[in-house]
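Colleague:
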Amino acid sequence: MKEEIKIQIEKLMAKYPKKESAIMPALTLVQKANNNNLTKEHVEEIADLIGVSYSRAYGVATYYSMFNIDKSVGKYHLQVDTNIPATLMGAVKIFNHISTKLGIKHGETTPDGLFTLSHVECLASCGTCPVVQVNDKYYELMTIEKVDMLIDSLRKGIMPELPVEYNWGSKCNVLLKNMGVKDSTSIEVYKKNGGYQVLPKALKLKPEEVIAEVKNSMLRGRGGAGFPTGVKWGFIPKDNKKPVYLICNADEGEPGTFKDRQIMAYDPHLLIEGMAISAYALGCSLSFIYIRGEFSWIADILEKAIEEAKADGQLKNLDIIVHQGAGTYICGEETALIESIEGKRGLPRMKPPFPAVEGLYNCPTIVNNVESLASVPFIIDKGADAFKAWGSQGGYGFKLFGVSGAVKKPGVYECPMGISYKELIEMAGGYTGKIKGVIVGGLSVPILTPEELEKNGGLKMDYESCANFGTALGSGGVMVISDEFSIPEIAVRTIKFYNHESCGQCTPCRMGSGMIVHLLDNILKGKGEKGDIEKVLWLCDNIKGKTLCPTGEAYASPIKVMLTKFRKDFESLIK
Amino acid sequence: MENKISLTIDGKKIETVKGKTVLEVARENNFYIPTLCYHARTGKAGKCRACLVQVEGLMALKESCALPANDGMVINTNTPAILDLRKMIVEMHLSNGEHNCISCERNGNCELQDMAYHCGIERPHFPIEHATMALDESSEGIIRNPNKCIQCGRCVRACNHNVMHEVLDFGWRSGDMRVICDDDKPMGESSCVQCGECAQVCPVGALTFKNAKGIGQHWTLDKTKVICTYCGVGCSIDMYTKDNKYVYSLGTEENWEQQTNKGMLCVKGRFGFDFLNREDRLKTPLIRKNGKLEEASWDEALDLVASKFSDIKAKHGAGALGFFTSARVTNEENYSVMRFARGVVGTNNIDHCARL
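The listed protein sequences derive, respectively, from chains A and B.
Using numbering that gives the first Met the number 0, the letters of the first sequence correspond one by one to residues 0 to 574.
Using numbering that gives the first Met the number 0, the letters of the second sequence correspond one by one to residues 0 to 355.
Listed below in structure tokens is the structure:
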């Protein structure tokens, strides 16, 4: 390891309250400096430098899928997202085209060491799939022609610019206000459009007044679980004497969800202002943004914005550390995320204690989603009632919905809570083709059939209506599945994702996901036997609610519903 | 007494005191709750999900290993949902691993086997083909069989938090997850000091003692509680023997909190007793007679030493004698030797091997 890299790692160690937190950034740094590769020797050097055991460092390096430990990855790592939304939008064709063109399969490298091909899990690019991530860079809306152009250019050693146009729309004009505005990430533009005017207002209020306003707004966590944000804030012990940490959860990894990245990439200062207000309310002076590793280009935007905000005197009493993940769905779960910042394998913790009592570095910690925090400035500026003017009891305020799959204009749409599903789909340009089913809240929620969507006056996009329809609003990632795809095919890809992402610590989730993959894959391949469907259903019933974290339920429920609602499709595959 | 609480488990009212977990109370009262990851000395982990119980008034099942027992609680340990869950856990382990009990070292002393017995499962209903992983027999004392590992994490916890050697951890994730030594080295090439704590807490046959292999099933062994002779700490050892021959040692688990070693052992206490089975082991003092060492009684030996000491002291003075003591005896014994040297013999020539 070069001396300059060591100095950088030492700086990283000093940046965090505990030096062990530097393990992941150090691994990322060394991997970058070593042409995308990591060796055991690197891990040992990092462990020695940071002062942790080799087993801990190696355990971390092998846990996160973005660390290429002893894998020998080529100069250009072509990573094709083949998760459900991507598959619905033709990613498999793109993957197969690259595979044929380069003569390599998943995980293989061309003999010249130039290209490695991998299929990867959701890159949160669902509205602009198919997406190919080349090293750190996203190439979206790929076609066969564009892939050919890309590869030709890479052969010449040039990472080309292939700009794409995003579909988006807003009925509320809050979170997507600066979308499409030139230089929207700069502090000048943000301030010109009214930015950083709420923060001084908030600082004049008492912290408990800020908390009360957020509580009154009935804002519910936008990450997927929908827990009331203000209530969560209130869980910090009153007699607390330890530091309080605020963590912004920017791990956006729920397949079908690609909303938080729009805020961060186009309006980073909105998030920073929201965090500054929230941190003030919570009495927090050091906060974190945990951003998924694949978004390293967005992390750069955030870092720059934080610097700008500091230089402009906006963050007088707050520091924000941008901490990058490294390819793990489960780190979106708040306790796994906390473990990850602490420089450990991102494994969910047993609760209690809840993070608000004992979280990061054993201190009270609040973890909020990007969209939740970005909603705070509006609530403090205009008041809880103005927020509640949108939506109804089933869910208040504005919300970003990501629509992907078989629609004409897949993209992100900002709508009032409770907008009808029909209207949302109209915003997204309407369906393309005949619809087989729709997953409305990210991959972890049960699928609905087109007939179900029409019932009782039609589905509304809020917590209550979704629950009444037997599904959940989740993260608001709507995936429309056309009859081009079979449900058994979707079910197998779904469970493969969860099996890949299971942290592995608890038995039902680790082994259950593997066994369901095995059983469903056999059915799909025509090797299924009578009774296999019952076996999967038995597993789903027993996994649901019995795992250490919600991941078991996140696959047991949707898989069970696919099997029950589309049972005939599965049965027809069993001879 | 305000510390007294009463709770109901499976319809039976139980009086106990505050500060215990539901699992502890249940086990004290002979209710069966299996645990594969919880061990009294490695603590709760929440991984195996085998100890979940139903608490009346709560929707979700709760980990009894982590659940504080409170006054008025109503607990059920054998609802249909719990029994089904336990069955599933056994099915999963039997399907995914190679748990062939017949010639396993842990046959009759295996927590997974116990659980399978309670669930009435003989063979798994979900056979899954999987590649067999190689055994790690690289270390002096421990055989690692990853095919029998149930990823409970007891060994990792024990290595990092009990004995604090920080050799073991988990590597990879999901179905690929496995226990690693350092950065995935064979145990014999790693920084492992072979204290054997990992094998002691392992609930199954994934970590076993090499010296015990093939010598006898658990039920054919005798257990004797002894104090380790290697140093003055005085660790309690449960020594397992067969036909009066030493087989292996465990740190005493019973009342472990009261033992000086808290159930742990070092490499000497764990593996340093093979000499017990040697034919040429010293069993009596030896006295050299006509240039040849001959067996003698303790009285004979001590008389000889006493007379020699007296002779030397008479001829050359007490200063010609020196006393050299050992870390293998207790502080009290070392003190006695010091008193003997100064008070009885009259010399200050005293030293100790630990100063070397």
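Think of the CB as a built atom: it goes at the ideal place given N, C-alpha and C, for glycine as much as any other residue.
Check A/Glu-483 in the structure and name its three-state DSSP category.
Modeller: Sequence index remark: in the first sequence, residue 483 of chain A carries index 484 (1-based). A/Glu-483 falls in the coil class under three-state DSSP.
Colleague: When the Cα atoms are used, what is the spatial distance from B/Arg-122 to B/His-98?
Modeller: Along the second sequence, one-based indexing puts residue 122 of chain B at 123. Along the second sequence, one-based indexing puts residue 98 of chain B at 99. For B/Arg-122 and B/His-98, the distance between alpha carbons rounds to 10 Å.
Colleague: According to DSSP, which residues form a beta bridge with A/Cys-502?
Modeller: As a first step, residue 502 of chain A is located in the first sequence; it is residue number 503 there, counting from the start. Answer by DSSP bridge pairing: none, since A/Cys-502 is not bridged.
Colleague: By how many angstroms is the C-alpha of A/Ala-555 removed from the C-alpha of A/Ile-494?
Modeller: Numbered from 1 along the first sequence, position 495 holds the residue referred to as residue 494 of chain A. Numbered from 1 along the first sequence, position 556 holds the residue referred to as residue 555 of chain A. Looking at the two C-alpha atoms, the distance is approximately 9 Å.
Colleague: Look at the alpha carbon of B/Ala-133 and the alpha carbon of B/Lys-147, and state the distance between them as a whole number of angstroms.
Modeller: For the purposes of this step, residue 133 of chain B is taken as residue 134 along the second sequence, with counting starting at 1. For the purposes of this step, residue 147 of chain B is taken as residue 148 along the second sequence, with counting starting at 1. Distance between the alpha carbons of B/Ala-133 and B/Lys-147 is about 11 Å.
Colleague: Is the distance from the Cβ of A/Pro-507 to the Cβ of B/Ile-214 below 9 Å?
Modeller: Looking up residue 507 of chain A in the first sequence gives position 508. Looking up residue 214 of chain B in the second sequence gives position 215. For A/Pro-507 and B/Ile-214, no; Cβs fall outside 9 Å.
Colleague: Check the Cβ of A/Cys-121 against every Cβ in chain B and list those closer than 9 Å, keeping chain order.
Modeller: Taking the first residue of the first sequence as position 1, residue 121 of chain A is located at position 122. Those within 9 Å of A/Cys-121 in chain B number zero; the least Cβ separation is about 16 Å.
Colleague: How would you call A/Tyr-289, buried or exposed, if buried means at least 16 neighbouring beta carbons within 10 angstroms?
Modeller: Numbered from 1 along the first sequence, position 290 holds the residue referred to as residue 289 of chain A. When all chains shown are included, A/Tyr-289 counts as buried.
Colleague: Starting from A/Ile-8, trace the alpha helix (DSSP H) in both directions and tell me its first and last residue.
Modeller: Residue numbering aside, residue 8 of chain A sits at position 9 when the first sequence is read from its first letter. Here the alpha helix (DSSP H) through A/Ile-8 covers 2 to 14.
Colleague: Which residue or residues does DSSP assign as beta-bridge partners of A/Ala-249?
Modeller: If you number the first sequence from 1, residue 249 of chain A lands on position 250. Paired residues: A/Ile-290.
Colleague: Kindly indicate which residue of A/Leu-572, A/Arg-55, A/Asp-531, A/Ser-512 has the alpha-carbon position closest to the one of A/Ala-553.
Modeller: Working through the first sequence from its first residue, we reach residue 553 of chain A at position 554. Considering only alpha carbons, the answer is A/Ser-512.
Colleague: Please state whether DSSP places A/Met-514 in a helix, a strand or coil.
Modeller: Here residue 514 of chain A corresponds to residue number 515 of the first sequence, with the count starting at 1. Correct three-state label for A/Met-514: helix.
Colleague: On the three-state DSSP scale, how would you describe B/Phe-208?
Modeller: The sequence position of residue 208 of chain B within the second sequence is 209, counting from 1. Of the three classes helix, strand and coil, the one that applies to B/Phe-208 here is strand, per DSSP.
Colleague: Buried or exposed for A/Asp-250, going by 16 or more other Cβ atoms inside 10 Å?
Modeller: Here the question's residue 250 of chain A lines up with position 251 in the first sequence. Buried, by the Cβ-count rule.
Colleague: Note down, in chain order, each residue of its chain lying with its Cβ closer than 6 Å to the Cβ of B/Val-232, except the 5 sequence neighbours on either side.
Modeller: Position 233 of the second sequence, counted from the first residue, corresponds to residue 232 of chain B. Once the five neighbours on either side are set aside, the close Cβ partners of B/Val-232 are Thr-259.
Colleague: Suppose contacts are defined by Cβ-Cβ distances below 9 Å. Is A/Tyr-360 in contact with A/Tyr-244 by that definition?
Modeller: Within the first sequence, numbered from 1, the residue matching residue 360 of chain A stands at position 361. Within the first sequence, numbered from 1, the residue matching residue 244 of chain A stands at position 245. Going by C-beta atoms, A/Tyr-360 is nearer than 9 Å to A/Tyr-244.
Colleague: Between A/Trp-537 and chain B, is the shortest Cβ-Cβ distance under 9 Å, so that the two count as touching?
Modeller: For the purposes of this step, residue 537 of chain A is taken as the residue at position 538 of the first sequence. Taking Cβ atoms only, chain B reaches closer than 9 Å to A/Trp-537, which makes this a yes.
Colleague: Where does A/Val-146 fall in DSSP's three states?
Modeller: Start at 1 with the first residue of the first sequence, and residue 146 of chain A comes out as number 147. A/Val-146 falls in the helix class under three-state DSSP.
Colleague: Determine whether the beta carbon atoms of B/Glu-165 and A/Ser-52 lie at a separation below 9 Å.
Modeller: Translated into the one-based positions of the second sequence, residue 165 of chain B becomes position 166. Translated into the one-based positions of the first sequence, residue 52 of chain A becomes position 53. Their beta carbons are under 9 Å apart, which means B/Glu-165 touches A/Ser-52 by this criterion.
Colleague: Do you know how far the Cα of B/Tyr-245 is from the Cα of B/Leu-84?
Modeller: Position 85 of the second sequence, counting from 1, holds the residue named residue 84 of chain B. Position 246 of the second sequence, counting from 1, holds the residue named residue 245 of chain B. Distance between the alpha carbons of B/Leu-84 and B/Tyr-245: 40 Å.
Colleague: Where DSSP assigns a beta bridge to A/Gly-390, which residues make up the other side?
Modeller: Counted from its first residue, the first sequence places residue 390 of chain A at position 391. Its beta-bridge partners are A/Tyr-395.
Colleague: Put A/Arg-348 into one of helix, strand or coil per three-state DSSP.
Modeller: For this step, residue 348 of chain A is matched to residue 349 along the first sequence. Note: A/Arg-348 maps to coil in three-state DSSP.
Colleague: With DSSP as the reference, label A/Tyr-244 as helix, strand or coil.
Modeller: Here residue 244 of chain A refers to the residue found at position 245 when the first sequence is read from its first residue. Three-state result, A/Tyr-244: strand.
Colleague: Could you check if A/Thr-448 belongs to the surroundings of the ligand SAH, using beta carbon to heavy atom distance under 8 Å?
Modeller: The ligand content of the structure shown is nil, which means the ligand SAH is not present either.
Colleague: Considering only DSSP beta bridges, list what B/Asn-75 is partnered with.
Modeller: Position 76 of the second sequence holds residue 75 of chain B. DSSP, once it has assigned bridges, lists B/Gln-53 as partnering B/Asn-75.
Colleague: Between the Cα of A/Lys-408 and those of A/Met-510, A/Met-426, A/Lys-237, A/Gly-393, spot the shortest distance and give me the residue it belongs to.
Modeller: In the first sequence, counting from the first residue as 1, residue 408 of chain A sits at position 409. It is A/Met-426.
Colleague: Straight-line CA distance for A/Thr-470 to A/Ala-385?
Modeller: Here the question's residue 470 of chain A lines up with position 471 in the first sequence. Here the question's residue 385 of chain A lines up with position 386 in the first sequence. Their Cα atoms are separated by approximately 28 Å.
Colleague: Just to make sure I have the definition right: I need the residues of chain A whose C-beta is within less than 9 Å of the C-beta of B/Arg-153. Which are they?
Modeller: The count along the second sequence starts at 1 and reaches residue 153 of chain B at position 154. By Cβ distance, chain A contributes nothing, its closest Cβ being about 13 Å from B/Arg-153, past 9 Å.
Colleague: Taking C-beta pairs closer than 8 Å, name the residues in chain A that B/Gln-199 reaches, listed in chain order.
Modeller: Counting from one through the second sequence, the residue named residue 199 of chain B turns up at place 200. Residues of chain A passing the Cβ test: none, with the nearest at roughly 19 Å.
Colleague: Starting from the beta carbon of A/Ser-556, find every residue of chain B whose beta carbon is closer than 7 Å, and list them in chain order.
Modeller: If you number the first sequence from 1, residue 556 of chain A lands on position 557. The contacting residues do not exist; A/Ser-556 stays about 14 Å from chain B at best.
Colleague: I want to see whether chain A comes within less than 9 Å of B/Asn-144, judged by CB atoms only; does it?
Modeller: The sequence position of residue 144 of chain B within the second sequence is 145, counting from 1. No, B/Asn-144 lies away from the interface with chain A (no Cβ there is under 9 Å from its Cβ).
Colleague: Can you tell me whether DSSP reads A/Val-444 as helix, strand or coil?
Modeller: For the purposes of this step, residue 444 of chain A is taken as residue 445 along the first sequence, with counting starting at 1. It is coil, neither helix nor strand.
Colleague: Hey, does B/Val-52 have any beta-carbon neighbour from chain E nearer than 9 Å?
Modeller: Absent from the structure is chain E; the protein chains it does hold are A and B.
Colleague: Under 9 Å, do A/Glu-463 and A/Gly-410 count as touching if we go by C-beta distance?
Modeller: Start at 1 with the first residue of the first sequence, and residue 463 of chain A comes out as number 464. Start at 1 with the first residue of the first sequence, and residue 410 of chain A comes out as number 411. It is not a contact, given that the beta carbons lie outside the stated cut-off.
Colleague: If I'm right that A/Asn-248 touches A/Val-366 with Cβ under 8 Å, what's the distance once you round it to whole angstroms?
Modeller: Within the first sequence, the letter at position 249 stands for residue 248 of chain A. Within the first sequence, the letter at position 367 stands for residue 366 of chain A. Right, the Cβ-Cβ distance comes to about 5 Å (below 8 Å), so this counts as a contact.
Colleague: Can you list, in chain order, the residues of the stretch 113 to 145 of chain A whose Cβ is nearer than 9 Å to any Cβ on chain B?
Modeller: Per Cβ criterion, the list is empty.
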